[in-house]
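Note that my numbering has the sequence shown beginning at 63, numbered continuously upward.
All residues carry an ideal CB built from backbone N, CA and C; glycine is no exception.
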Amino acid sequence: MMELEIELKKASDTLKAWDTTSISLTAGCDLFMRYVTRTSALEFEDFNSAKSRVLGRAEKFGEISNKARKIIAMLIQDFIFDGCTILVHGFSRVVFEILKTAAQNKKLFRVLCTEGSPDKTGVLLAKELAKLDVPVKLLIDSAVAYCMEEVDMVFVGADGVVESGGVINMMGTYQIAIAAHSMNKPVYVAAESYKFARLYPLDQKDLEPALRPIDFGVPVPPKVEVERSARDYTPPQFLTLLFTDLGVLTPSVVSDELIQLYS
């Protein structure tokens, strides 16, 4: 069994090394290792039996992860009411699943999509929503506060949910949450449990930066520094609820869930 664990650990470390800045990748690998090796019975089985047990657990972990988005989408449906306006930021697969499910359930709502510069991920989401005949409006990222008065709720995904109950997500999430909080608009986070990470950032620079190329469309003078960080940290006080495959959580109970996940 020791040899099997060593091989799994090597594979996990190799996958994590592919992108050391990805919080969801690291958390997913760590939780996978916990899930497939946490039974003491493995220590007393021969190699083939242990391998079979590990493979069975791995398949089960995969099933749980694949179902997570649909579970989250169903949990949040009661919060989407006819006539509401939802602000979203970037392209989150779980947020898209939520909106697609609502459209299939014949709910009447409209969506404001930030453009999601510099990758224009919000434009992609707007295209997909338009295919579902969902009324959608694109905003430049800097128009969020201007449009917040017409918003009923904000939906965002997460690259990682951290021990404080806050989230690491696409750059711009923090300022959107601040604007929503100042106008008493609920901010709902949709995140699969494999994105729960054992991290406790204290400020915006307290994580290894994930960088991306930035194109302003015009030449940038060589002496001008460009901020290339791809994500920011939103503290828990600016979040209302987290919708996960573990259930609907308040930010304050995230640390308890993390303890259970990694125990």
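* Would the region 238 to 246 and the region 306 to 325 be scored as touching if the rule is three or more Cβ pairs under 8 Å? -> no
* If you count every other CB in all the chains shown that lies within 10 Å of the CB of Tyr27, and 16 or more means buried, which is it? -> Nothing about residue 27 can be read from this structure; the chain reaches only from 63 to 325.
* Asked: How many Å lie between Asp203 and Ala188 at the Cα?
  -> 14 Å
* To do: For the alpha helix (DSSP H) holding Gly184, just list the boundary residues, first then last.
  => Thr183 to Lys193
* In whole angstroms, what is the alpha-carbon distance linking Phe143 and Arg155? -> 21 Å
* Asked: Between Arg293 and Met232, which are expected to be in contact by the criterion C-beta below 8 Å, what is the C-beta distance as a whole number of angstroms?
  -> 6 Å
* Do three or more CB pairs link the region 204 to 216 to the region 309 to 317 at distances below 8 Å? -> no
* Where do the ends of the alpha helix (DSSP H) carrying Leu200 lie? -> Leu200 -> not in any alpha helix (DSSP H); beta strand (DSSP E) instead, spanning Val198 to Leu201.
* Is the number of C-beta pairs between the region 193 to 203 and the region 222 to 231 that are closer than 8 Å three or more? -> no
* Residues that DSSP places opposite Cys146 in a beta bridge -> Phe171
* **Opening and closing residue of the alpha helix (DSSP H) in which Val282 lies** => Neither: Val282 is in no alpha helix (DSSP H) and is coded neither H nor E.
* Asked: Given that a residue counts as buried once 16 or more other Cβ atoms are within 10 Å of its Cβ, and exposed if not, what is Gly279?
  -> exposed
* To do: Could you have a look at Ile138 and say whether DSSP puts it in helix, strand or coil?
  => coil
* When Pro298, Gln266 and Phe141 are compared against Glu289, the one with the closest alpha-carbon -> Gln266
* Asked: In angstroms, rounded to a whole number, what distance separates the CA positions of Val150 and Asp214?
  -> 11 Å
* **Buried versus exposed call for Tyr262 [16 or more other C-beta atoms within 10 Å across all chains shown]** => exposed
* **Ala259 classed as buried or exposed, judged by whether at least 16 other C-beta atoms fall within 10 angstroms** => buried
* Throw me the rounded Cβ distance for the Leu186 and Ala253 pair, which I believe falls under 8 Å. => Contact doesn't hold; Cβ gap of about 20 Å is too wide.
* **Beta-carbon proximity of Thr296 to Gly228, cut-off 7 Å** => yes
* Residues bridged to Phe158 (per DSSP) -> Bridge partners of Phe158: none, in fact.
* Asked: For Arg293, which beta-bridge partners are listed by DSSP?
  -> Met232
* Asked: Exposed or buried, which one is Ala103 when buried takes at least 16 other CB atoms within 10 Å?
  -> Low per-residue confidence applies at Ala103: pLDDT is 44, beneath 50, and the placement is therefore not dependable enough to give any value.
* Which residues share a DSSP beta bridge with Val251? -> Val218 and Leu304
* Do you know how far the Cα of Ser244 is from the Cα of Lys162? -> 29 Å
* Which class does Leu269 belong to by DSSP, given the choice of helix, strand or coil? -> coil
* Just reading off the alpha helix (DSSP H) that Val310 is part of, what are its end residues? -> Premise fails: Val310 lies in the beta strand (DSSP E), Gly309 to Leu311, not in any alpha helix (DSSP H).
* Counting along the chain, where does the alpha helix (DSSP H) carrying Lys206 start and finish? -> Correcting the residue type first, residue 206 is Val in the shown sequence and not Lys. Val206 to Cys209 is the span of the alpha helix (DSSP H), which, as asked, contains Val206.
* Asked: Where does Met63 fall in DSSP's three states?
  -> Since pLDDT at Met63 reaches only 47, below the 50 mark, its modelled position is unreliable, and the value read off the structure follows with that caveat. Met63 falls in the coil class under three-state DSSP.
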